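Below is one structure; the comments refer to it alone.
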Amino acid sequence: MQEYVLINQKVQQVEVYRRIDGWVAHTYGPGEGIELMSLNLSISLDELYSAVL
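For what it's worth, the numbering used here labels the leading residue of the sequence shown as -17, then goes sequentially.
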């Protein structure tokens, strides 16, 4: 496993943990985009949450 993602259900917040010499956490909020390197995927949080909130 190279990355794992925690998606908040109540507010626009995503935590991405990447294994780079140990686990490194990145937190993203409204208006930001996330990149999942292991999937070669980029998506904005606005798009991710568009049908949820």
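Using N, Cα and C, we set each Cβ at its ideal position, and we do this for glycine too.
This structure is a prediction, so every number in the text was calculated from the model and none was measured.
* **Simplified DSSP assignment, three categories, for L21** => coil
* Asked: Buried or exposed: where does L21 fall if 16 or more other Cβ atoms within 10 Å of its Cβ makes it buried?
  -> exposed
* Asked: Is it true that the CB of L27 sits closer than 8 Å to the CB of Y(-1)?
  -> no
* Backbone secondary structure at E(-15) - three-state DSSP -> DSSP places E(-15) in strand when its eight states are reduced to three.
* Please name the residue or residues paired with E(-3) in a DSSP beta bridge. => L(-12), T9
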